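The letter at position 87 of the sequence shown is residue 87 when you use the UniProt record's numbering, and the numbering goes up by one with no holes.
Note that the Cβ used here is the ideal one computed from N, Cα and C, for glycine as well.
On a predicted model such as this, the values are computed, not experimentally measured, just so you know.
Working notes, beginning with the structure itself.
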Amino acid sequence: MSVTRKILTVFGTRPEAIKLFPLVHALEADDRFISRVCVSAQHRGMLDQVLDIAGVVPDHDLDLMTPGQTLDELTARALTGIGKVLDIEQPDWVVVQGDTTTVMAGAIAAYYRKIPVCHVEAGLRSGNIHHPWPEEVNRRVVGTFAALHCAPTETAAAALRRENVAADSIHVTGNTVIDALHWVTRRIAEQPGLATGLSALEERFVGKRIIGMTSHRRENFGAGMQGIADAVKRIAARRDVAVIFPVHLNPNVRAVMNQQLAGLDNVALIEPLDYPHFARLLDISTLMLTDSGGVQEEAPALGKPVLVMRETTERPEGVEAGTAKLVGTDADIIVAETKRLLDDPAAYAAMARAHNPFGDGHAAARICDLLADR
Ligand code: UD1
Ligand code: UDP
């Protein structure tokens with residue numbers, strides 16, 4: 001007789017929500033499971049954008065975000081808040097995804113109660129505890145005690161084996177971000193009105209090549225963000241390009257970018273886009289400039305070259321395949337690499353190849369089977 005398992009999925013930020021909604025959908029549709037969802041709401045506005053479009057209604061919403069939250073107060077409140085939910089729900093498994101404060105706190109709260117943890121997107125490593133900061137340590141912490149490690153790629157699985165994680169707890173499932181991207185692409189095909197909100201910008205910039213951009217990493221605050229802003233100013237001085245930049249809600253990002261880039265003719269600083277509109281931005285962009293993790297995974301799937309404005313990446317698959325390039329945060333290098341892609345058709349063609357090193361869109365189904373088997 002099969003046993004019904006109660007799974008509590010815990011998340012709090014935009015990228016976790018995007019990468020976990022396909023799993024929540026799959027768990028809800030599968031009678032092997034009782035699915036419960038707890039959100040920390042470490043991000044309030046950007047999380048709600050994803051919950052709305054994905055139709056996920058949390059059973060527990062801790063509403064933790066405070067403006068300009070510090071890492072220690074956020075960690076403390078997430079740990080105690082999630083702990084209380086675990087005591088109420090007493091799930092058989094806790095599922096977390098990635099490397100944020102919510103992930104680390106949710107996993108530790110489960111560990112304190114001896115509840116097994118399933119870590120989705122396990123095994124990403126940059127090898128540098130300060131890049132990305134604090135994410136590299138968050139995911140290493142979870143990697144030391146998770147009972148089930150769902151590695152997106154063979155590279156990630158190998159990183160876990162090198163850390164002596166038990167081989168039978170590591171499974172290559174693919175990254176659920178590709179499931180999410182397929183889902184949103186289908187939704188837009190069914191209902192094109194979901195992604196028409198950029199049409200005024202598309203008209204304003206008609207005839208120009210669009211550069212899609214995002215930036216938010218904590219380790220880039222200060223000199224890094226300044227370098228990125230300088231580069232964008234210089235790139236946007238060209239008449240044949242326009243930069244569309246949905247600005248992260250983190251006030252540290254907004255202050256710099258608004259001060260440096262507002263009012264430039266060829267730069268549109270806009271509010272964070274919901275997922276269908278961000279998919280549209282990827283689609284209309286010639287290339288992406290980003291320091292985001294998720295965008296490094298989505299852009300190759302759509303054949304869009306990505307210039308990664310970071311010193312290291314825990315997602316080497318795109319770089320190895322030649323469709324992503326690490327350019328750091330030095331303005332001269334960002335400008336030179338962008339110019340090369342814009343002006344050298346052969347260099348562009350070499351990077352603009354669609355490939356899917358991060359998954360085939362069936363990661364959530366594999367994770368369900370793994371949870372059911374245990
Ligand atoms: C967080 C994660 C980072 C992840 C990123 C994805 C940590 C430490 N950082 O970084 O790993 O890559 O999310 O975006 O877990 N804010 C809002 N509304 C929102 C979201 C954020 O106002 O919807 C503002 C708040 O003032 C908040 C601040 O942004 O205090 C910072 O948010 P926080 O989650 O602490 O850090 P992020 O830089 O967003
Ligand atoms: N994204 C979005 N709207 C935006 C910018 C990004 O929906 O305006 C999505 C993007 O498609 C990707 C995810 O947010 O799936 C990346 O989130 P973020 O860059 O905040 O975090 P990271 O991936 O770096 O942890």
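Relative to the C-alpha of residue i, which candidate in the options has its C-alpha closest?
| i | options | result |
| --- | --- | --- |
| K233 | A268, H43, P251 | A268 |
| E136 | V85, A180, S285, R218 | R218 |
| A159 | F245, L124, G55, A29 | L124 |
| T155 | G359, D31, R186 | G359 |
| A223 | V243, R239, V256 | V256 |
| T144 | H43, A157, V165 | V165 |
| A354 | R374, A321, L51, G98 | A321 |
| H130 | F221, V50, I115, D48 | F221 |
| M225 | N356, L194, V247, N138 | V247 |
| A301 | V241, D48, P357, D265 | P357 |
| A237 | S215, Q259, L264, V253 | L264 |
| G361 | D343, I270, D179 | D179 |
| A151 | V184, A352, V96, G55 | V96 |
| A76 | V335, T4, N252, A109 | A109 |
Is it the case that the Cβ atoms of residue i and residue j are separated by a distance below 8 angstroms?
| i | j | result |
| --- | --- | --- |
| L289 | M213 | yes |
| L201 | H277 | no |
| T153 | E317 | yes |
| I235 | T338 | yes |
| W133 | I7 | no |
| S2 | R36 | no |
| L371 | H171 | no |
| G328 | R310 | yes |
| V306 | T323 | yes |
| L23 | V39 | no |
| residue 378 | H119 | Outside the modelled stretch of the chain, which goes from 1 to 374, sits residue 378, for which no answer is possible. |
| Q49 | P272 | yes |
| L249 | L287 | no |
| A299 | A195 | no |
| H74 | A41 | First, the amino acid is wrong: residue 74 is Leu here, not His. No. |
| V241 | R204 | no |
For residue i, count neighbouring C-beta atoms within 10 Å of its own C-beta (all shown protein chains included) and say buried if the count is 16 or more, exposed if not.
| i | result |
| --- | --- |
| A107 | buried |
| V10 | buried |
| V57 | exposed |
| L71 | exposed |
| Y112 | exposed |
| G303 | exposed |
| A29 | exposed |
| E374 | Note that residue 374 is Arg in the sequence shown here, rather than Glu. That one is exposed. |
| P67 | exposed |
| K19 | buried |
| P345 | exposed |
| D332 | exposed |
| T13 | buried |
Using three-state DSSP, classify residue i as helix, strand or coil.
| i | result |
| --- | --- |
| Q296 | helix |
| T144 | helix |
| H43 | coil |
| T102 | helix |
| Q49 | helix |
| S2 | coil |
| M213 | strand |
| F221 | coil |
| T58 | The amino acid occupying residue 58 in the given sequence is Pro; Thr does not appear at that position. It is coil, neither helix nor strand. |
| K304 | coil |
| K114 | coil |
| P91 | coil |
| I129 | coil |
| M288 | strand |
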